[in-house]
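What follows is one structure encoded as structure tokens, with my remarks underneath.
2 protein chains.
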Amino acid sequence: MAAPRRTGQGRIPPHPDIRTIGLQQVLEALVDPVRRRIIGELYAAGEDLACGTIDLPVSKSTATHHFHVLREAGLIRQYYVGTSRMNALRLEEVDEAFPGLLRALVGRPDTARDA
Amino acid sequence: MAAPRRTGQGRIPPHPDIRTIGLQQVLEALVDPVRRRIIGELYAAGEDLACGTIDLPVSKSTATHHFHVLREAGLIRQYYVGTSRMNALRLEEVDEAFPGLLRALVGRPDTARDA
DNA sequence: GTCAAAGTTCGATGCGTGTCATACTTCGAC
DNA sequence: GTCGAAGTATGACACGCATCGAACTTTGAC
Chain C
1 MAAPRRTGQG RIPPHPDIRT IGLQQVLEAL VDPVRRRIIG ELYAAGEDLA CGTIDLPVSK
61 STATHHFHVL REAGLIRQYY VGTSRMNALR LEEVDEAFPG LLRALVGRPD TARDA
Chain B
116 MAAPRRTGQG RIPPHPDIRT IGLQQVLEAL VDPVRRRIIG ELYAAGEDLA CGTIDLPVSK
176 STATHHFHVL REAGLIRQYY VGTSRMNALR LEEVDEAFPG LLRALVGRPD TARDA
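Sequence order for the protein chains is C and B. Just so you know, the numbering used here puts 79 at position 79 of the first sequence, and the rest follows in order with no gaps. Just so you know, the numbering used here puts 129 at position 14 of the second sequence, and the rest follows in order with no gaps.
Pasting the structure below:
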């Protein structure tokens, strides 16, 4: 049988149930500074952002990789608008599964001395 | 000139000022499950523990490596009692520099479903 | 239709780091 | 003194992962 067409909204990738995600996986996702920057920008923006509107110091293919890791870790939700892939922070869900984690990591100075 | 003797309490390694430690370094220390287990046991025990009293699924030399990483990240303080190296969680200091971080990571089920 | 924009997929590569075994050091007990 | 206990230091190794370029796909604009 032919492979599924995967066109239109069929391109939307699957999203895991956060309750099945382990702390280990979430931490591995958040330890990378590029990915933490993505989460930080989504958190600060307070709205969904297209991949291209978040400027990252890596190539496009690497950026795709990072968004993939964040989605697999249950931290973001992705959907298409035209050719743009939008990213939504799964804030409430993550906060329920791992209370206090995002707040402890996002929107802070890197060191206490920077405060 | 001769190398310093490094005997007695001179064996005590230097400890960094937590205010100079970056979130990146702390996260890299805490992303390893063995190291998170060490922190978790120290947190649960509520008292200083010798390296040997924390049973870890790795060799002694690997354990030494992990304690070293935790110390360099400002998360534990180490001192000698006889031949035993004691480990103290730098709880208040870490909590002041990175509020909520330890509580979000320690003493929790791995997934929300385990709760 | 054509074309460009926005991402994705696929390999390949290089560096980091967690792991171990071995040899060594320091201390306490005897 | 000798011996064992508790860690440390060093060197080697293997695996993972972040990175990139190039080719490809899908969509919207014209």
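Ideal Cβ placement from N, Cα and C applies to all residues, glycine included.
Beta carbon of residue i nearer than 8 Å to that of residue j
| i | j | result |
| --- | --- | --- |
| Arg218(B) | Ala203(B) | no |
| Gly189(B) | Val209(B) | yes |
| Arg150(B) | Leu185(B) | yes |
| Thr226(B) | Arg19(C) | yes |
| Glu28(C) | Val146(B) | yes |
| Ile127(B) | Tyr195(B) | yes |
| Gln139(B) | Pro33(C) | yes |
| Gly197(B) | Gly100(C) | no |
Where residue i meets chain B, residues with beta-carbon distance less than 9 Å
| i | result |
| --- | --- |
| Gln24(C) | Val146, Pro148, Arg151 and Asp225 |
| Glu28(C) | Val146 |
Chain-ordered chain C contacts of residue i [CB-CB under 8 Å]
| i | result |
| --- | --- |
| Glu211(B) | Ala112 |
| Pro214(B) | Ala104 |
Bounding residues of the alpha helix (DSSP H) (the contiguous stretch that carries residue i)
| i | result |
| --- | --- |
| Val146(B) | No alpha helix (DSSP H) contains Val146(B), which DSSP labels as neither H nor E. |
| Leu101(C) | Leu101 to Leu105 |
| Leu190(B) | Counting along the chain, Leu190(B) falls outside any alpha helix (DSSP H), and DSSP gives it neither H nor E. |
| Ala227(B) | Note, Ala227(B): premise wrong, no alpha helix (DSSP H); not H, not E. |
| Asp95(C) | Leu91 to Ala97 |
Status (buried if at least 16 other CB within 10 Å, exposed otherwise) for residue i
| i | result |
| --- | --- |
| Ala115(C) | exposed |
| His183(B) | exposed |
Bounding residues of the beta strand (DSSP E) (the contiguous stretch that carries residue i)
| i | result |
| --- | --- |
| Ser59(C) | Ser59(C) -> no beta strand (DSSP E), and no H or E assigned at all. |
Chain-ordered chain C contacts of residue i [CB-CB under 7 Å]
| i | result |
| --- | --- |
| Ile133(B) | Ala112 |
Residue i: contacting residues in chain B (beta-carbon distance under 7 Å)
| i | result |
| --- | --- |
| Ile39(C) | None at all; the shortest Cβ gap to chain B is about 12 Å. |
| Ile21(C) | Thr226 |
Any non-hydrogen atom of the ligand PLP closer than 7 Å to residue i Cβ
| i | result |
| --- | --- |
| Ser59(C) | As for the ligand PLP, it is missing from this structure, which has no ligand bound. |
Q. Any chance the segment 44-56 of chain C sits against the segment 146-156 of chain B, with 3 or more Cβ pairs inside 8 Å?
A. Contact fails: fewer than three Cβ-Cβ distances are below 8 Å.
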